[in-house]
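The number in the working numbering is simply the position in the sequence shown, starting from 1, with 49 added.
A virtual CB, placed ideally from N, CA and C, is assigned to each residue, including glycine.
All values derive from a computational prediction rather than experimental measurement.
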Amino acid sequence: MTATLTRPDEPRMARRITDGLDPKTWIIADTVLVGWHTGALAGIGWGLLGCLFAAVIPLAFIRYGIRRGRWADRHVGRRRQRLVVMAFITVSVATGILVLRAFGAPQTVTALIAAMLATLAALLAVTPAWKISVHAAVASGSVALLAMTYGPWLLLASPLVAVVGWSRVELGDHTRAQVLAGAAMGGAVAAATFALVR
């Protein structure tokens with residue numbers, strides 16, 4: 050079974066955007082770029098350690114679930130299944146923060162992973178009642194965090210958030226309201242947490 054099931058009638062461009070700019074892609078970009086800004090190559094190393102718990106282990110869990118037939122694809126569209134995955138990722142990311150602190154990681158990198166955890170917790174609180182867009186939340190939060198790290202000029206990447214949101218609506222995975230709410234929540238929670246912790 051492939052990681053993503055493609056319907057023959059779905060828009061190819063929307064599928065490519067959804068798959069190419071999924072949360073994992075943003076998390077890798079954040080950990081590498083914030084890590085580099087924090088401490089060059091050593092900072093990237095710390096960032097990749099955080100990425101292990103925020104992206105690599107969660108992705109392995111999702112792939113394991115796909116192989117076992119527990120969910121259909123890596124985006125885990127069904128809300129009940131999504132809650133299980135999000136709960137696992139929450140534990141993984143929280144563990145990552147503890148590991149980073151235990152080994153003396155730079156505070157900025159720890160703050161980055163803490164911002165991811167806070168965003169995830171906010172999404173997890175909403176998901177039982179409403180299928181808020183995780184894609185939009187992570188994309189928006191990532192742009193906010195990178196802008197706080199490198200400067201406001203990085204807000205020029207904001208159209209990518211809109212493109213991600215468009216792809217989710219175009220594929221029928223979310224409504225416009227779910228995408229807009231995800232983007233607003235993701236950006237606000239990530240930025241506020243990062244500002245407080247770093």
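CB residue i to CB residue j, shorter than 9 Å?
i      : j      : result
SER207 : VAL192 : yes
ARG150 : THR139 : no
ALA185 : VAL213 : yes
VAL134 : GLY118 : no
THR176 : GLY235 : no
LEU173 : THR67  : no
THR198 : LEU82  : yes
LEU194 : ALA164 : yes
Roughly how many angstroms separate the alpha carbons of residue i and residue j, rounded to a whole number?
i      : j      : result
GLN156 : ALA232 : 26 Å
GLN227 : LYS180 : 7 Å
ARG61  : ALA121 : 19 Å
PRO72  : GLY92  : 21 Å
Assign residue i to one of three DSSP states: helix, strand, or coil.
i      : result
THR53  : Because the pLDDT of THR53 is 49, which lies under 50, any placement of that residue in the model is unreliable, and the question is left without a value.
PRO208 : helix
GLU219 : helix
ALA178 : coil
Residue range of the alpha helix (DSSP H) that residue i falls in?
i      : result
SER191 : 183 to 199
LEU229 : 225 to 246
Item to complete: Quick one: which unbroken alpha helix (DSSP H) runs of 4-plus residues sit fully inside the stretch 93 to 153? Chain order, please.
Response: 106 to 116, 128 to 151
Practice prompt. For the stretch 66 to 90, list the alpha helix (DSSP H) runs that are entirely contained and at least 4 residues long, ordered along the chain.
Written response: Correct list: empty.
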